[in-house]
Every structure is written in structure tokens, then in C-alpha cells.
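For what it's worth, the working numbering labels the leading residue of the first sequence as 1377, then goes sequentially. For every residue, glycine included, the Cβ atom is placed at its ideal position computed from N, Cα and C. Being a predicted model, the structure only gives us computed values, none of them experimental.
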Amino acid sequence: MTPVFALVDCNNFYASCEKLFRPDLRQRPVVVLSNNDGCVVARSREAKDLGIKMGVPIFQIRDAIRRHGIVVFSSNYALYADMSSRVMRVLEDLAPAVEVYSIDESFLDLTGVSRAMALEDFGVQVQQTVLNWTGLPVCVGIAPSKTLAKLANYGAKKYPATGGVVNLSDPQRQHRLLQLAPVEEVWGVGNRLTRRLNALGIHTALDLAQADPAVMRRQFSVVLERTVRELNGESCIALEPVAATKQQILCSRSFAERVLDYGVMRQAISGYTVRAGEKLRQEKQTAAVLTVFIRTSPFNPNEAQYANSATTTLPFPTDDTRLLLQAAQKLLKQLWRDGYRYSKGGICLSGFHQPGNYQPGLFDTVKERPNSRRLMAALDRINRNAPHGASGKVWFAGEGVNGQAWSMHRQHLSPAYTTRWGELLQVY
DNA sequence: TCTGGGGTCCTAGGACCC
DNA sequence: TCTGGGGTCCTAGGACCC
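Next up, the structure:
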């Protein structure tokens, strides 16, 4: 049976989440900022229509914000993650198999559904149900490959006459949309590839679909060959309903203010390390490799630049924050150079093993401390149940105890409407 | 003055093996 | 003068995604 995929994608997801709890903003332009209130990462329809570009630094559009009364939010990931899981639960109710692809997108397996009902009707039903049950608008693209389903979704968003549902099962409709779509809209074709493809005279998705897969493989890679095949309706990328286990865990932040002091940097890196350890234990993994990196801002060419990273292999894979902290602090000491205005730092864990599933070397003498497992579990339990803010939490001294000058700016944060009792929406 | 965070996969090249 | 062939594994870097 030929496979059928749907891509369901929330419209302007972060902006829609913010609007959901602020009916007064229904017709107003809204933007959501990245961490640290740095740049624009989501825009409502109205903000897009005003020409606000994705990724633009906030300080460059201060005028437009004032002139048009654009409403600005800091990103509120607790809210978005919660709304996301609500949407995904609805989709899981409706479709036989779901692959959660990102915070605001899922692929559905609709193979065989057309025997029961028209695919367009199914798409509309998905759209209506998600809207009714979560309040969030979505678009649906349906096609015989994931790449075409993405493109169908692009069509559904781009052309309002579609009502937000596009079914590309029919080859003639495929052909028409491929002709209209610029090649950079194809899933897997980014900036660099677009430039190289344009140079070869490939400008539309149709041009790419008609290219020779073997030539694309030779000149580019097996990835692009697959894209070409997928654009022709040949499914090469399967639905993966079960999320693959992670291969790395990264924790990094830009600092609210430039860091010049080693002690401050040490606190920041320690904080990221603690957070990475929590994520690691959530994943039920242990890590054997740890990388620390620090850098100055690359945006100011007049300033002295320094960016460097250091990696170490731990004596054995561990999820014990104490050992991660030791390793991270040692690496930071190697990396640190006085006299720079650091803008960002972070740590990355990799080389994962399942706990207890590791073959030590014959002459290894170091072992996990006996209380490690229970201590970390207790730590996680306390911090998970602690009220928000520092009170009631336990932490490592290395994270620092007083005001953290490096921690994020979030000047325009909305309440945690759905995840904190104290911040429930109130209706008078 | 001010520019996000967290991931994945592929490839080329070097080290090393017999 | 003239120095093989075939393979694996690892890593860094580059591309992509949202």
C-alpha cells in the first residue's frame, strides 16, 4: 500500500500560545523573543504583515514596535511545552501513528485512511478538533512522502484559499505546487544548498524534482538524492513514532551581561552542568564525554575575539553531577583567558551509555561512589517538587548563592497560565 | 549598548590494522 | 628510478532542522 503522510504544523506557534490567554490581543501584532530577549523567534500574522522578519534583533525594530503598537513577549517555554503536549495528545487520539517532530509539528501516518474517508475531510477534522480542544490553529499537508507533506503544509500556510488543508496525493496537484515553490522552501534545502543549486539553474522545487538523483548524489550528498526522490512521491524517510534516544545533551546560554570575571563564569558553567545532569538522568543515560565552551560575541568586530572549547573523557560514564562539575570546572580552567568580554558559555554531554551497561577497563580502579544513584535521585525529587524560584531547592555551591548577573533577561514574560496554580488565568 | 538554544546526519581525512 | 591494497574507526567540520 502506498504510504500517506500528514504534516500538522501549528500556525505561529509561540505567538498563538500568547494570544490564546490574551483575547484582547486577538487582532494585534505580537512577537515572541528568543532567550535573553535577544531577537524575534515568532510573529503573529499581523506582525508578519508589518514586515517584521524572523530572527531580527529586537533593538533594530524598536521604532516599528512603538509605531505599530507591536506587543512583545519573552519566550515562556513552560507555557509552550504544555500547549504542545496538549496538541500532540489530540493528534494521537485522531491518527493511527504520530511522530512528534518538533515543539509545534507532527507527522501522522495516514496510510489506509483513504479507505474510510476522503483525506481532505480527515485533514479538516484534525484542524477543527485541535482548534476546538486546544484553541490553537494548525495547517495540514497530506502527501505520499514526508518531504511532499512538508511542502503541502507550506502551500496550506501560503495560500489562504486552501483553508489550511492541502492534499497532494494527486500527481497533477504535486506538479503545480512544485512549480510555484522556490527551491529554498523544500525540507532539507537550506541557505548554502540554495545558492549552489541556483548556480546550477535550479530555482523551483520542480527544477529539483526533475534533477537526476544520481547526479545530485555525486555533486552533493545522499541526503539531497533522497530529497529528489521524495519530491517525486517516493517515500524514503519513514515515520518514526518512537523518539530515538538522544546522542548529546547541550546546555548553553548567552549571558544577560558580558562576563569578565572567572568566578562568575565558573558559576554560570556550573549552573549549566547541573542542568545538563538533570536532563541526562531524565533520559536515563550516563555520559562518558564532556565538552565546555566559552566565547565572546561574534557581532562586534572591533572587540577582541576569543572562542574555544575543551573536551574530556570521564574515567567512566556517569550521571553524578558532582563528577560532571569537577570535570567541567577543570576544563574551564584550561579554557579561560583574562581580558575578554564573554557573551556565552555552555556544556555538552555525549558518549552515552545505559546505566550499569559499561565494560570497565581491566586496570580501572575508579568507581562510582556508592551513594551516587540515591543521592542524585533524592536531589531530583526535591527540586522537582520545589515551588518555583530558588526557595525550597537544593543546589551545588559552585552555582553561586547570590544574585546571578549572568542569568537571562526576560523582561516581557507572560504568566505560567497552565503550569502554576498561582498564575491561572482569572476571569472577572 | 543590544544579535537564541538545542539538536541531527553526512563526509573527508587521518590513524591504524593486516 | 621504482615502495600495495583493502579495510575500520574516529574526529572535525559542514550542512541541515525547528
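Using the C-alpha atoms, what's the distance from residue j back to residue i?
i: ILE1819; j: VAL1416; result: Here the chain comprises residues numbered 1377 to 1804, so residue 1819 is not present and cannot be evaluated.
i: GLY1540; j: LEU1470; result: 18 Å
i: LEU1495; j: GLN1548; result: 16 Å
i: VAL1514; j: LYS1533; result: 9 Å
i: ARG1657; j: ASP1583; result: 47 Å
i: SER1628; j: TYR1390; result: 21 Å
i: SER1545; j: GLY1727; result: 42 Å
i: LYS1769; j: ALA1590; result: 57 Å
i: GLY1715; j: THR1672; result: 11 Å
i: ARG1572; j: PHE1381; result: 29 Å
i: GLN1403; j: CYS1393; result: 14 Å
i: HIS1788; j: THR1505; result: 31 Å
i: ALA1664; j: LYS1706; result: 15 Å
Is it the case that the Cβ atoms of residue i and residue j are separated by a distance below 9 Å?
i: LEU1326; j: ILE1441; result: Past the boundaries of the shown model lies residue 1326; the chain is included only from 1377 to 1804, so the question cannot be answered.
i: LEU1711; j: PHE1669; result: yes
i: PRO1674; j: ALA1683; result: yes
i: GLU1481; j: CYS1612; result: no
i: VAL1476; j: MET1464; result: yes
i: LEU1626; j: LEU1725; result: yes
i: GLY1609; j: GLN1555; result: no
i: ARG1642; j: LEU1708; result: yes
Using the Cβ count rule (16 or more neighbours within 10 Å means buried), how would you classify residue i?
i: ILE1758; result: exposed
i: MET1459; result: buried
i: THR1689; result: exposed
i: TRP1509; result: exposed
i: VAL1618; result: exposed
i: GLU1633; result: exposed
i: SER1450; result: buried
Below 6 Å CB to CB, which residues in the same chain sit around residue i once its five sequence neighbours on both sides are set aside?
i: GLU1560; result: THR1570
i: LEU1383; result: PHE1483, GLY1517, ALA1525, LYS1526, ASN1529
i: SER1685; result: THR1667, PHE1669
i: LYS1720; result: SER1630, ARG1671
i: TRP1563; result: THR1523, LYS1526
Leaving aside the five residues before and after residue i along the sequence, list all residues of the same chain whose C-beta is less than 7 Å from its C-beta, in chain order.
i: GLY1653; result: ASP1695, THR1697, LEU1700
i: THR1378; result: PRO1520
i: GLY1647; result: GLU1775
i: VAL1432; result: CYS1415, VAL1416
Write down the C-beta distance between residue i and residue j rounded to the nearest angstrom, noting that I regard them as a contact closer than 8 Å.
i: GLY1531; j: LEU1396; result: At roughly 26 Å, the Cβ-Cβ gap does not stay under 8 Å, so GLY1531 and LEU1396 are not in contact.
i: ALA1644; j: TRP1782; result: 5 Å
For residue i, collect the residues of the same chain with a Cβ closer than 8 Å to its Cβ; drop the 5 residues on either side in sequence, then sort them by chain order.
i: PRO1405; result: ARG1419, SER1420, GLU1422, ALA1423, ASP1425, LEU1426, ILE1428, HIS1444, GLY1445, ILE1446, VAL1447
i: GLN1730; result: LYS1660, GLN1661, THR1662
i: THR1795; result: ALA1454, LEU1455, ASP1458
i: GLU1601; result: PRO1589, ALA1590, MET1592, ARG1593
i: LEU1467; result: VAL1384, VAL1474, SER1482, LEU1484, VAL1502, VAL1506
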